[in-house]
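Protein chains in written order, with the working numbering: chain A, 1 to 378; chain B, 1001 to 1071. Backbone N, C-alpha and C define an ideal beta-carbon position, used for all residues, glycine too. Just so it is clear, the structure is predicted and the values come from calculations on it, not from any experiment. One structure is given here, and the rest of the page talks about it.
Below, the structure is given as structure tokens:
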């Protein structure tokens, strides 16, 4: 298949692997964070860690939108969904995220009207077809998803829809990266930058990482060779004592992003003063709310939202996993009490979550040799 | 209305990973019919990109966020 096979070529992967190994300084340990959950998924699915020398560690960052939603926001959404005349609509992954009183799936099984959608546009259709009910869209995601929500709000306004609103939980990636850089827990040597978030925000927002923190950033695609090449590009920068932002994924990511998408986000949403991230705590200016101009589409204003902060279950160590302090399998409940079927923590919910990705693809043989997946795919 | 489910390994709507599709024809109101490459057609929004029939676009949550290649 065009654009797939080229990026899964086993010979090229081995060649890149050798070039990466050749750049490792003896005795030095390297830690790179892949910010995006999509990259985490690719790394585990294709066993990419087996293509890296032992001195390179990949740390899995907070770029899984489901994983960073705190329990309190899930409880708020459940409260909204429980209103008599409300139809709650949500992306599939969000359905299994546990709140303190269970998940959307649990509530749906108990009779609450919660419907799974692929897009906020689908929520809009549900609103048109159910004029006597109030339809709320559970908006989650980074800048990749925010344009879709923004356009939907604008479409709802243009149509004059009175029964549609958004429970906005959109987050922005840059403040989270900054929080990680400022965290004393972690020493990183560079970042594999998110691919599709960058189609929207471009590469410039990462420049402070290279300039102020002296860490290289390479925006990467999602195929195995994309990620291996990005690690190679990071290693080249380190070996040349450079810290710059580079774009490995230039076939998709424009350096300046998508200005039209940024404009509609800016028109419909504004930065919150602060927002709680699961595992990372409160981060200032890290999330979006609906702008006052579109207040009649803001579920937080239309409904009485409890807004109670809920602590994570004690056994759950998602916070440490999200910060990259713990590997998924080092969590006390990984693979025993916490599995994709019965997740305790959010990292086990989404296929993008580090724990679910590791559970699905990596847990059987942590030290397997590099002979699987790449090159053997149909 | 049929209820969509997440069957794939990667949730196309929730993750950072968008999907590549081909524009079949443009509709009114910034919408378009696209070929998903899986033998199905879908209606998505192309309001944020300059795309026409034959162009490959990157779609996330049924919103095109980038043009990958133009015909």
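Which of the residues in the segment 296-310 of chain A, read from start to end, lie with their CB under 7 Å from any CB of chain B? Those would be none; no residue qualifies.
query = So what does DSSP say about residue 93 of chain A, is it helix, strand or coil?
reply = Looking at residue 93 of chain A - three-state DSSP - the assignment turns out to be helix.
Query raised in the report: Residues of chain B with CB under 9 Å from residue 151 of chain A, in chain order?
Result: Under the 9 Å cutoff, chain B gives 1030, 1045, 1047, 1048 and 1063.
### Query
Quick one: Cα of residue 163 of chain A to Cα of residue 36 of chain A, how far?
Approximately 34 Å, taken between the alpha carbons.
Contact with chain B by residue 258 of chain A, beta-carbon distance below 8 Å:
It does; some Cβ of chain B falls within 8 Å.
In whole angstroms, give me the CA-to-CA distance for residue 377 of chain A and residue 48 of chain A.
The predicted position of residue 377 of chain A is uncertain, since its pLDDT is 38 and thus under 50; a value taken from the coordinates is nonetheless stated next. In a straight line, the C-alpha of residue 377 of chain A is about 14 Å away from that of residue 48 of chain A.
- Item | Nearest residue (CA-CA) to residue 78 of chain A, options A:293, A:138, A:145 and A:31 | Put simply, of A:293, A:138, A:145 and A:31 the residue whose alpha carbon is nearest the alpha carbon of residue 78 of chain A is A:138.
| said: Does residue 339 of chain A come out as helix, strand or coil in the three-state DSSP assignment? | reply: The answer is coil: DSSP assigns residue 339 of chain A none of H, G, I, E or B.
**Message:** Could you compute how far the alpha carbon of residue 285 of chain A sits from the alpha carbon of residue 255 of chain A?
**Reply:** Going from the Cα of residue 285 of chain A to the Cα of residue 255 of chain A covers about 23 Å.
Would DSSP call residue 266 of chain A helix, strand or coil? Note: residue 266 of chain A maps to helix in three-state DSSP.
- Message: I'd like to know whether the C-beta atoms of residue 180 of chain A and residue 142 of chain A end up nearer to each other than 8 Å.
- Response: Judged by beta-carbon spacing, residue 142 of chain A lies beyond the 8 Å limit of residue 180 of chain A, meaning their Cβ atoms are not closer than that value.
Length of the line joining the Cα atoms of residue 28 of chain A and residue 55 of chain A
Between residue 28 of chain A and residue 55 of chain A, the C-alpha separation is close to 7 Å.
- prompt: So which residues on chain A does residue 1058 of chain B lean against when the C-beta distance must stay under 9 Å?
  reply: Per Cβ cutoff of 9 Å: 196, 199 and 252.
*So what does DSSP say about residue 55 of chain A, is it helix, strand or coil?*
Here residue 55 of chain A sits in coil by DSSP.
(Q) I want to know whether the segment 298-310 of chain A touches the segment 164-171 of chain A - three or more CB-CB distances under 8 Å. (A) The segment 298-310 of chain A and the segment 164-171 of chain A touch, with no fewer than 3 CB-CB distances between them shorter than 8 Å.
Where does residue 317 of chain A land, buried or exposed, given buried means 16+ other C-beta within 10 angstroms?
Here residue 317 of chain A is buried: its Cβ has 16 or more other Cβ atoms, across all protein chains shown, within 10 Å.
Exercise for the section: Pick helix, strand or coil for residue 168 of chain A, following the three-state DSSP scheme. Expected result: Look at residue 168 of chain A here: in three-state DSSP terms it is strand.
Quiz item: Quick one: what's got a C-beta closer than 8 Å to residue 1037 of chain B's C-beta in the same chain, skipping five residues either side?
Solution: Answer for residue 1037 of chain B: 1020, 1021 and 1022, listed in chain order.
Roughly how many angstroms lie between the CA atoms of residue 258 of chain A and residue 293 of chain A, to the nearest whole one? Straight-line Cα distance between these residues: approximately 23 Å.
Give the residues of chain B in contact with residue 120 of chain A, contact being defined as C-beta atoms less than 9 Å apart. What residue 120 of chain A touches in chain B: 1061, 1062 and 1063.
Locate the alpha helix (DSSP H) running through residue 124 of chain A, then write down its first and last residues. For residue 124 of chain A, the enclosing alpha helix (DSSP H) covers residues 120-129.
Which residues bound the beta strand (DSSP E) around residue 105 of chain A?
Counted as a single uninterrupted DSSP element, the stretch harbouring residue 105 of chain A is not any beta strand (DSSP E) but the alpha helix (DSSP H) occupying residues 104-109.
Indicate the three-state DSSP secondary structure (helix, strand or coil) for residue 230 of chain A in the structure shown. DSSP, read as helix, strand or coil, puts residue 230 of chain A in helix.
(request) Quick one: list the residues of chain A neighbouring residue 1068 of chain B, beta-carbon separation under 8 Å, in chain order. (result) The contact set of residue 1068 of chain B on chain A, defined by CB atoms closer than 8 Å, consists of 251 and 252 in chain order.
* Asked: Relative to the ligand ATP, is the shortest distance from any of its heavy atoms to the C-beta of residue 290 of chain A smaller than 7 Å?
  -> The model depicted lacks the ligand ATP and carries no ligand whatsoever.
Compute the beta-carbon to beta-carbon distance between residue 72 of chain A and residue 309 of chain A, rounded to the nearest angstrom, for a pair I have assumed lies under 8 Å. With 8 Å as the limit, residue 72 of chain A and residue 309 of chain A qualify as a contact, their Cβ atoms being about 5 Å apart.
Quiz item: Which residue from A:80, A:52, A:125 and A:45 puts its Cα closest to that of residue 229 of chain A?
Solution: Among A:80, A:52, A:125 and A:45, the Cα nearest to that of residue 229 of chain A is on A:52.
Going by C-alpha to C-alpha distance, which of A:231, A:66 and A:22 sits closest to residue 348 of chain A?
Residue 348 of chain A has its Cα closest to that of A:66, out of A:231, A:66 and A:22.
So what does DSSP say about residue 283 of chain A, is it helix, strand or coil? Residue 283 of chain A: strand per DSSP, three-state reduction.
* Contact residues within the segment 263-289 of chain A, judged by C-beta distance below 8 Å to chain D -> Among the protein chains in the structure shown, which are A and B, there is no chain D.
- Message: Quick check on residue 249 of chain A: does DSSP put it in helix, strand or coil?
- Response: It is coil, neither helix nor strand.
Three-state secondary structure (DSSP) at residue 277 of chain A? Of the three classes helix, strand and coil, the one that applies to residue 277 of chain A here is strand, per DSSP.
Handout entry: Expected contact under 8 Å - CB spacing of residue 217 of chain A and residue 1066 of chain B to nearest Å
Key = With a beta-carbon spacing of about 19 Å, residue 217 of chain A and residue 1066 of chain B fall beyond the 8 Å limit used to define contacts.
How should residue 336 of chain A be labelled, buried or exposed, when 16 other C-beta atoms within 10 angstroms of its C-beta is the threshold for buried? An exposed status is given to residue 336 of chain A, since fewer than 16 other beta-carbon atoms sit within 10 Å of its beta-carbon.
8 Å contact criterion, which residue 87 of chain A and residue 278 of chain A should meet: CB distance rounded:
Actually they do not touch by this definition, with Cβ atoms about 26 Å apart.
Helix, strand or coil, according to DSSP, for residue 39 of chain A in the structure here?
Helix at residue 39 of chain A.
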